[in-house]
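Colleague: Here it is: the structure, laid out below.
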Amino acid sequence: MLHLMSILLLLWKLKKSKSCVGISCRMQECYAIVFCLRYLDLFYQFISVYNTAMKVVFISSTFYLIFLMRFQPPVSATYDRTADSFPYEQYLLGPAAVLGFISAEEWSIPEIFWTASIWLESVSILPQLILLQQLREVENLTAEFVATMGAYRFFYILNWIYRYFAEGYVNWIGWLGGIVQTGLYVDFFYYYAMSKWYGQKLVLP
Amino acid sequence: EEADHTHDEL
Numbered sequence: 006m007l008h009l010m011s012i013l014l015l016l017w018k019l020k021k022s023k024s025c026v027g028i029s030c031r032m033q034e035c036y037a038i039v040f041c042l043r044y045l046d047l048f049y050q051f052i053s054v055y056n057t058a059m060k061v062v063f064i065s066s067t068f069y070l071i072f073l074m075r076f077q078p079p080v081s082a083t084y085d086r087t088a089d090s091f092p093y094e095q096y097l098l099g100p101a102a103v104l105g106f107i108s109a110e111e112w113s114i115p116e117i118f119w120t121a122s123i124w125l126e127s128v129s130i131l132p133q134l135i136l137l138q139q140l141r142e143v144e145n146l147t148a149e150f151v152a153t154m155g156a157y158r159f160f161y162i163l164n165w166i167y168r169y170f171a172e173g174y175v176n177w178i179g180w181l182g183g184i185v186q187t188g189l190y191v192d193f194f195y196y197y198a199m200s201k202w203y204g205q206k207l208v209l210p
Numbered sequence: 676e677e678a679d680h681t682h683d684e685l
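Those sequence lines, one after another, are chains A and D.
Just add 5 to the spot in the first sequence (first one is 1) and you have my numbering.
Just add 675 to the spot in the second sequence (first one is 1) and you have my numbering.
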């Protein structure tokens with residue numbers, strides 16, 4: 006739900022301000038790749054109506070966000086491709102593919118794709134965090150969006166602890182990816198929490 | 676034993 010909320014917050018922000026200054030389209034592209042790799046099972050496996058609905062919403066809303074930022078004026082006119090230039094194709098995609106291949110529990114296409122998607126998701130926030138560090142001052146809605154985008158994985162960790170004890174659930178790759186993903190946010194969270202506590206604008210060091 | 680590779684999380 007937090008993940009969904011972060012997407013809705015971002016959509017709302019783009020629609021309301023008609024500007025995507027401070028938002029990394031490259032992060033959304035990483036997530037689009039993550040979702041496409043992971044949700045292949047939509048074609049051959051049914052888990053629940055909730056599960057299917059969320060997958061469809063995540064994929065379609067993320068592609069819509071990319072479309073808005075890259076191609077749909079007036080939002081696309083505010084997209085700064087020079088600032089948002091983190092080369093994830095080199096730094097994230099390659100390593101995620103290699104890690105996905107060597108750490109997959111089974112050498113099947115869906116399993117390798119799933120594993121690669123977990124590793125890629127764990128670092129997908131990097132283009133966004135690096136963009137914010139260049140700008141330093143973060144708009145309120147952008148701060149909420151990034152905070153919810155980080156918080157959802159933290160809540161997965163709580164759920165994993167519960168599931169481990171309640172049903173003996175084990176998911177080593179998911180756990181490791183989740184810890185890396187949450188760890189990358191800790192620094193941002195600190196400055197976000199401080200800005201909320203003191204009721205000031207979020208300014209990154 | 677066959678590993679179960681159903682991923683029920685998002």
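Where is the CB? At the ideal position from N, CA and C, for every residue including glycine.
Which same chain residues, not among the five before or five after Ala148(A), have their C-beta less than 8 Å away from its C-beta?
Modeller: For the purposes of this step, residue 148(A) is taken as the residue at position 143 of the first sequence. Cβ neighbours of Ala148(A) beyond the five flanking positions: Tyr197, Ser200 and Leu207.
Colleague: Looking only at C-alpha atoms, which of Ser66(A), Ala156(A) and Ala102(A) sits nearest to Phe194(A)?
Modeller: Here residue 194(A) refers to the residue found at position 189 of the first sequence. Considering only alpha carbons, the answer is Ala156(A).
Colleague: What's the call for Gln133(A), buried or exposed, on a 16-neighbour Cβ count within 10 Å?
Modeller: One-based indexing of the first sequence puts residue 133(A) at position 128. It counts as buried.
Colleague: Along the region 172-184 of chain A, where does the CB come closer than 9 Å to a CB of chain D? Name the residues.
Modeller: Within the region 172-184 of chain A, the qualifying residues are Asn176 and Gly179.
Colleague: Report the rounded CA-to-CA distance for Leu137(A) versus Cys30(A), giving the unit in angstroms.
Modeller: By one-based count along the first sequence, residue 137(A) stands at place 132. By one-based count along the first sequence, residue 30(A) stands at place 25. Their Cα atoms are separated by approximately 12 Å.
Colleague: How would you label Thr67(A), buried or exposed, when you count the other beta carbons within 10 angstroms and need 16 or more for buried?
Modeller: Reading the first sequence from its first residue, position 62 is the one you call residue 67(A). Looking at its Cβ environment, which holds 16 or more other Cβ atoms inside 10 Å, Thr67(A) is buried.
Colleague: Show which residues of chain D have a CB atom less than 8 Å away from the CB atom of Met59(A).
Modeller: Within the first sequence, numbered from 1, the residue matching residue 59(A) stands at position 54. Those within 8 Å of Met59(A) in chain D are Leu685.
Colleague: Are the beta-carbon atoms belonging to Leu70(A) and Gln33(A) less than 7 Å from one another?
Modeller: For the purposes of this step, residue 70(A) is taken as residue 65 along the first sequence, with counting starting at 1. For the purposes of this step, residue 33(A) is taken as residue 28 along the first sequence, with counting starting at 1. Closer than 7 Å, so yes.
Colleague: Please compile the residues from chain D whose C-beta is within a distance smaller than 9 Å of the C-beta of Asp46(A).
Modeller: The residue you call residue 46(A) lines up with position 41 of the first sequence. Going along chain D in sequence order, the residues near Asp46(A) (Cβ under 9 Å) are Thr681 and His682.
Colleague: Between Glu146(A) and the rest of its own chain, which residues show a CB-CB distance below 6 Å, the 5 nearest in sequence each way excluded?
Modeller: Residue mapping note: residue 146(A) aligns to position 141 of the first sequence, counting from 1. According to the sequence displayed, residue 146(A) carries Leu and not Glu. Lys18.
Colleague: Please classify Ser129(A) as buried or exposed, where buried requires at least 16 other C-beta atoms within 10 Å of its C-beta.
Modeller: Position 124 of the first sequence, counted from the start, is the residue given in the question as residue 129(A). By the 10 Å Cβ count, Ser129(A) comes out buried.
Colleague: Considering only residues of the region 102-177 of chain A, which uninterrupted alpha helix (DSSP H) runs meet the minimum length of 4 residues and lie entirely inside it, listed in chain order?
Modeller: Here the runs fully enclosed are 114-128, 131-140 and 145-172.
Colleague: By alpha-carbon positions, which one of Thr153(A), Gly182(A), Phe63(A) and Met154(A) ends up nearest to Trp165(A)?
Modeller: As a position in the first sequence, residue 165(A) is number 160, starting the count at 1. Checking every option, the nearest Cα to that of Trp165(A) belongs to Gly182(A).
Colleague: What residues in its chain sit with their C-beta under 6 Å from that of Gly7(A), if we drop five residues either side in the sequence?
Modeller: Taking the first residue of the first sequence as position 1, residue 7(A) is located at position 2. Here the sequence assigns Leu to residue 7(A), which means Gly is not the residue at that position. Result list for Leu7(A): Thr153, Ala156 and Tyr157, in chain order.
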